[in-house]
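Taken in sequence, the protein lines are chains P and A. If you're matching positions, the first sequence starts at 106 in the working numbering and goes up one per residue. If you're matching positions, the second sequence starts at 15 in the working numbering and goes up one per residue. Presented below is the structure to which this report refers.
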Amino acid sequence: MMWQRIWSLVIKELLAVWRDKKSRMVLIIPPMAQLIIFSFAATLDVKNASIAILNHDSGKVSTDLIQQFVGSPTFASIVYLQGVEQIRPTIDQQRAMMVLHIDESFSRQLYAGKPASVQLILDGRKSNTTQIVAGYATEIINQFSDAFAKERGFPVQSARLIVRNWYNPNLIYLWFNVPNLVGILTMVVSLIITALSVARERELGTFDQLLVSPMEPFEIVVGKTLPAVIISLGEATLILGVAIGLYQIPFLGSLWVLYVSLIVFVFAVVGVGLFLSSICKTQQQAILASFVFMSPALLLSGYATPIENMPVWLQKIDLINPIRYFLVITKGVFLKGMPFSIAWELIWPMAVIAFFNLLGANWMFRRRLE
Amino acid sequence: MRPIFALIKKEFFQIIRDPSSILISGVLPLILLFIYGFGVSLDLDHLRIGLVMEEESDEAVSFAESLRNSRYFEVTTVRDRRELEDKMLEGKIRGFVVIPAYFSSSWKRPGQEAPLQVITDGSEPNTAQFVQNYVRGAFSVWLQQEKLNQNLKGLPLIQTLPRFWYNEELESRNFLIPGSIAIIMTLIGTLLTALVVAREWERGTMEALMSTPVTIFQLLVGKIVPYFILGMLSMTLCVVVAVWFYQIPLRGSFLVLAMSSASFLLAATLLGLFISTLSKNQFVASQASIVSAFLPAFILSGFIFEISSMPGWIQALTHFIPARYFVSSLQTLFLVGNVWEVILPNTFFILLFALIVLTLTVYKTAKRLDG
Numbered sequence: 106m107m108w109q110r111i112w113s114l115v116i117k118e119l120l121a122v123w124r125d126k127k128s129r130m131v132l133i134i135p136p137m138a139q140l141i142i143f144s145f146a147a148t149l150d151v152k153n154a155s156i157a158i159l160n161h162d163s164g165k166v167s168t169d170l171i172q173q174f175v176g177s178p179t180f181a182s183i184v185y186l187q188g189v190e191q192i193r194p195t196i197d198q199q200r201a202m203m204v205l206h207i208d209e210s211f212s213r214q215l216y217a218g219k220p221a222s223v224q225l226i227l228d229g230r231k232s233n234t235t236q237i238v239a240g241y242a243t244e245i246i247n248q249f250s251d252a253f254a255k256e257r258g259f260p261v262q263s264a265r266l267i268v269r270n271w272y273n274p275n276l277i278y279l280w281f282n283v284p285n286l287v288g289i290l291t292m293v294v295s296l297i298i299t300a301l302s303v304a305r306e307r308e309l310g311t312f313d314q315l316l317v318s319p320m321e322p323f324e325i326v327v328g329k330t331l332p333a334v335i336i337s338l339g340e341a342t343l344i345l346g347v348a349i350g351l352y353q354i355p356f357l358g359s360l361w362v363l364y365v366s367l368i369v370f371v372f373a374v375v376g377v378g379l380f381l382s383s384i385c386k387t388q389q390q391a392i393l394a395s396f397v398f399m400s401p402a403l404l405l406s407g408y409a410t411p412i413e414n415m416p417v418w419l420q421k422i423d424l425i426n427p428i429r430y431f432l433v434i435t436k437g438v439f440l441k442g443m444p445f446s447i448a449w450e451l452i453w454p455m456a457v458i459a460f461f462n463l464l465g466a467n468w469m470f471r472r473r474l475e
Numbered sequence: 015m016r017p018i019f020a021l022i023k024k025e026f027f028q029i030i031r032d033p034s035s036i037l038i039s040g041v042l043p044l045i046l047l048f049i050y051g052f053g054v055s056l057d058l059d060h061l062r063i064g065l066v067m068e069e070e071s072d073e074a075v076s077f078a079e080s081l082r083n084s085r086y087f088e089v090t091t092v093r094d095r096r097e098l099e100d101k102m103l104e105g106k107i108r109g110f111v112v113i114p115a116y117f118s119s120s121w122k123r124p125g126q127e128a129p130l131q132v133i134t135d136g137s138e139p140n141t142a143q144f145v146q147n148y149v150r151g152a153f154s155v156w157l158q159q160e161k162l163n164q165n166l167k168g169l170p171l172i173q174t175l176p177r178f179w180y181n182e183e184l185e186s187r188n189f190l191i192p193g194s195i196a197i198i199m200t201l202i203g204t205l206l207t208a209l210v211v212a213r214e215w216e217r218g219t220m221e222a223l224m225s226t227p228v229t230i231f232q233l234l235v236g237k238i239v240p241y242f243i244l245g246m247l248s249m250t251l252c253v254v255v256a257v258w259f260y261q262i263p264l265r266g267s268f269l270v271l272a273m274s275s276a277s278f279l280l281a282a283t284l285l286g287l288f289i290s291t292l293s294k295n296q297f298v299a300s301q302a303s304i305v306s307a308f309l310p311a312f313i314l315s316g317f318i319f320e321i322s323s324m325p326g327w328i329q330a331l332t333h334f335i336p337a338r339y340f341v342s343s344l345q346t347l348f349l350v351g352n353v354w355e356v357i358l359p360n361t362f363f364i365l366l367f368a369l370i371v372l373t374l375t376v377y378k379t380a381k382r383l384d385g
């Protein structure tokens with residue numbers, strides 16, 4: 106009897122979403138558009154950076170060095186400066202992120218086998234990008250320096266670093282972005298569906314009808330949770346299809362590990378959504394409240410910046426953030442072939458979060474009933 | 015003018031009586047500023063890395079020491095690299111450095127380069143880049159030290175001397191906090207305005223207002239002004255927190271900052287009004303403002319992600335995002351100063367955007383009345 110009542114509520118919810126053209130559109134178009142645009146746009150990678158070169162040296166070595174920069178895909182447009190006084194306006198007006206300054210003694214020093222130096226002036230307004238630019242520039246200069254020393258028979262460096270990147274040898278940013286977006290977009294969709302399903306009924310007054318119906322608060326919670334979970338899983342499957350089929354992101358792990366984690370993750374997010382909407386009175390409040398939860402959750406998810414970089418107390422608060430666990434799993438399953446034994450360590454905290462939120466929502470509904 | 019004041023007064027009462035407007039204009043900005051200040055830092059300085067020491071020669075020990083002394087790393091030392099492979103899989107370390115068993119023997123042989131292996135977790139490319147850069151940095155400092163100590167073999171002939179202007183200490187907070195003002199103002203200007211006006215359409219009170227002797231122009235002004243004032247208050251709050259609490263330098267003048275912000279807020283509010291006029295439904299309005307204003311302000315504005323690294327078609331798209339111009343003005347005003355060559359074109363494009371949206375809104379609203 107109880108399951109039958111829940112079942113009819115589930116069917117009703119699914120139909121409510123499916124029959125409404127606007128809801129259907131919102132479920133398909135924005136997530137797909139975001140997947141396509143953000144997977145390419147949200148990149149901390151550096152390409153096509155504009156740089157400027159100020160060369161005071163007249164020798165051949167400096168021209169050879171500059172050629173190395175011209176040929177590199179990291180640097181696109183190169184502006185040549187004539188004097189030191191042009192450096193400041195070039196940086197200030199963002200015509201270049203970096204100015205490479207070679208002084209007049211450069212070739213002379215090198216031919217004599219003495220160390221010479223190159224100055225890099227970088228725009229600190231974008232210190233993340235310019236640090237990477239400085240890294241690339243240093244690598245180009247070091248390689249050039251080694252080649253020059255070898256060619257001329259000068260003593261070479263006594264040790265060398267050999268760098269390898271595992272799981273993503275060429276550091277392709279898309280491979281990082283798309284698995285993350287699977288988690289992020291799923292979270293956005295499931296949070297909004299849940300928060301609105303209750304709030305809309307509240308505003309229309311049909312929620313009170315639901316409360317006075319023979320249904321227990323527990324049954325209402327289950328009946329509101331299941332449809333949201335089903336829709337979110339469908340959405341996630343669609344996104345996964347695009348990730349694997351269209352973007353051809355390597356998928357080394359097994360699908361069942363990903364789906365088990367995905368189901369627990371979606372339950373956790375839906376739990377949060379349901380809890381928020383059990384507190385809110387109107388649709389507007391529900392939308393804004395889910396927003397107030399979503400932005401910090403995303404910012405502290407480890408997507409934009411590593412979690413270990415945050416202050417310790419904030420890392421502790423972040424333990425209740427479901428998406429921080431799921432992002433480790435999706436990247437792990439996609440790129441590293443993460444087995445279930447390791448994924449489990451990240452799954453159970455999400456299950457705890459789901460449990461407490463659903464319990465909270467249940468409690469709030471019950472209180473409203475009494 | 016009287017009807018306008020009456021409308022503004024009505025709107026203000028609505029703002030004050032609804033806790034969710036206060037939540038989004040007062041509490042959310044503070045939460046966001048707080049997170050940007052403490053939680054989101056692109057300066058990676060607690061990177062957990064592993065170190066595999068396959069030998070314990072003097073050179074190996076001194077290199078290990080220089081890695082441990084680097085302020086960027088928290089180093090776990092082991093003897094066998096297999097111990098670290100699972101940790102990489104779990105994402106518990108960001109990479110590791112291997113000092114091979116034959117390191118000191120090739121170090122001592124003249125004309126030969128002793129190899130050190132650096133392995134990073136490429137599943138997070140940005141972090142991997144920084145692990146590489148910082149290991150390189152620690153390595154070249156160590157090499158110079160060794161050269162001084164042992165007077166052995168050659169150093170790299172060409173030294174690179176980087177200088178970071180305007181943000182010498184390389185604090186990402188210095189550009190993230192100014193940029194986040196653009197996000198907060200987008201939320202208030204676009205999302206809040208769109209929601210509130212959409213609610214009036216949904217409940218039919220907009221039509222009720224239109225049937226009064228109030229003109230469309232008065233109606234639009236009456237809607238915009240309260241949220242504009244709310245946004246400017248919130249901007250002032252952000253600047254106060256940025257300058258006094260986070261000690262971000264404000265090298266440009268406050269007046270120029272206020273004027274750039276006002277023009278951006280105008281554009282954002284008009285966009286919110288336009289969205290609500292089109293959708294007249296809160297759910298759709300919230301989705302439309304998130305997709306057309308909030309997410310672009312976050313991702314396509316150059317706030318965190320560098321625009322020049324994006325594919326050409328997305329770069330073209332960013333030109334239609336007012337936040338792109340505003341973020342550039344904000345970062346310049348805070349860190350560099352009043353650089354007119356940057357500020358004036360940016361403000362011009364923002365106002366142009368506002369004008370286009372205003373024209374579209376007036377056109378749409380007028381049509382609704384006729385029909």
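Ideal Cβ placement from N, Cα and C applies to all residues, glycine included.
Just tell me which of the options has its CA closest to the CA of residue i.
i: leucine 56 of chain A; options: A:Ile172, A:Tyr86, A:Arg82, A:Leu201; result: A:Tyr86
i: phenylalanine 145 of chain P; options: P:His161, P:Ile277, P:Gly258; result: P:Ile277
i: alanine 466 of chain P; options: P:Trp453, P:Gly378, P:Met292; result: P:Gly378
i: threonine 174 of chain A; options: P:Ala252, P:Leu432, P:Thr410, P:Asn247; result: P:Asn247
i: methionine 106 of chain P; options: P:Ala409, P:Ile384, P:Pro319, P:Gly376; result: P:Pro319
i: aspartate 251 of chain P; options: A:Gln146, A:Gly125, A:Ile191, A:Trp179; result: A:Gly125
i: valine 61 of chain P; options: A:Ile29, A:Phe297, A:Val305, A:Arg96; result: Residue 61 of chain P lies beyond the range of chain P shown here (106 to 475); nothing can be said about it.
i: isoleucine 172 of chain A; options: P:Arg269, P:Ala254, P:Thr168; result: P:Ala254
i: leucine 205 of chain P; options: P:Val184, P:Tyr216, P:Arg305, P:Phe143; result: P:Val184
i: aspartate 32 of chain A; options: P:Gln420, P:Pro444, P:Ala394, P:Trp418; result: P:Ala394
i: serine 263 of chain P; options: A:Ser300, A:Glu73, A:Leu37, A:Val211; result: A:Glu73
i: phenylalanine 340 of chain A; options: A:Val228, A:Met199, A:Phe52; result: A:Met199
i: valine 112 of chain A; options: A:Lys106, A:Leu81, A:Leu47, A:Lys122; result: A:Leu81
For a cutoff of 8 Å on Cβ pairs, would you count residue i as touching chain P?
i: tyrosine 116 of chain A; result: no
i: tryptophan 121 of chain A; result: yes
i: tyrosine 180 of chain A; result: yes
i: serine 323 of chain A; result: yes
i: phenylalanine 189 of chain A; result: yes
i: glycine 218 of chain A; result: no
i: arginine 265 of chain A; result: no
i: arginine 338 of chain A; result: no
i: glutamate 138 of chain A; result: yes
i: lysine 167 of chain A; result: For lysine 167 of chain A, the predicted model reports a pLDDT of 49, less than 50, meaning its position is unreliable and no value from the coordinates is stated.
i: glycine 53 of chain A; result: yes
To which residues of the same chain is residue i closer than 7 Å at the C-beta, ignoring the five residues directly before and after it?
i: serine 303 of chain A; result: Thr204, Leu205, Ala208, Gly286, Ile289
i: asparagine 426 of chain P; result: Ala402, Leu405, Ser406
Quick test of your reading: residue i and residue j, contact by CB under 8 Å. State the CB separation rounded to the nearest angstrom.
i: glutamate 190 of chain P; j: histidine 60 of chain A; result: So it is not a contact: roughly 41 Å between Cβ atoms.
i: arginine 93 of chain A; j: methionine 67 of chain A; result: 6 Å
i: arginine 100 of chain A; j: tyrosine 272 of chain P; result: It is aspartate, not arginine, that sits at residue 100 of chain A in the sequence shown. Aspartate 100 of chain A to tyrosine 272 of chain P, Cβ: 14 Å. No contact.
i: alanine 147 of chain P; j: phenylalanine 189 of chain A; result: Rounded, the Cβ-Cβ distance is 17 Å, inconsistent with contact.
Is the shortest distance between the beta-carbon of residue i and the beta-carbons of chain A less than 8 Å?
i: aspartate 228 of chain P; result: yes
i: asparagine 270 of chain P; result: yes
i: lysine 436 of chain P; result: yes
i: alanine 201 of chain P; result: no
i: asparagine 426 of chain P; result: no
i: serine 400 of chain P; result: yes
Taking all protein chains shown into account, decide if residue i is buried (16 or more other Cβ within 10 angstroms of its Cβ) or exposed.
i: histidine 333 of chain A; result: exposed
i: serine 343 of chain A; result: buried
i: aspartate 313 of chain P; result: exposed
i: serine 382 of chain P; result: buried
i: isoleucine 116 of chain P; result: exposed
i: threonine 229 of chain A; result: exposed
Once you ignore the five residues that flank residue i on each side, which residues in its own chain have a CB closer than 6 Å to its CB?
i: lysine 167 of chain A; result: Per-residue confidence for lysine 167 of chain A stands at a pLDDT of 49, beneath the threshold of 50, marking its modelled position as unreliable; the derived number appears in the next sentence. Around lysine 167 of chain A: no qualifying Cβ.
i: tyrosine 352 of chain P; result: Val283
Relative to the ligand ADP, is the shortest distance from any of its heavy atoms to the C-beta of residue i smaller than 7 Å?
i: serine 225 of chain A; result: Ligands are entirely absent from the displayed structure, and the ligand ADP is therefore not among its contents.
Who are the Cβ neighbours of residue i in its own chain at under 8 Å, not counting the five residues just before and after it?
i: isoleucine 325 of chain P; result: Leu114, Leu315, Leu316, Phe470
For residue i, go through chain C and note every residue whose CB falls closer than 8 Å to its CB, in chain order.
i: valine 298 of chain A; result: The question asks about chain C, but that chain is absent: this structure's protein chains are P and A.
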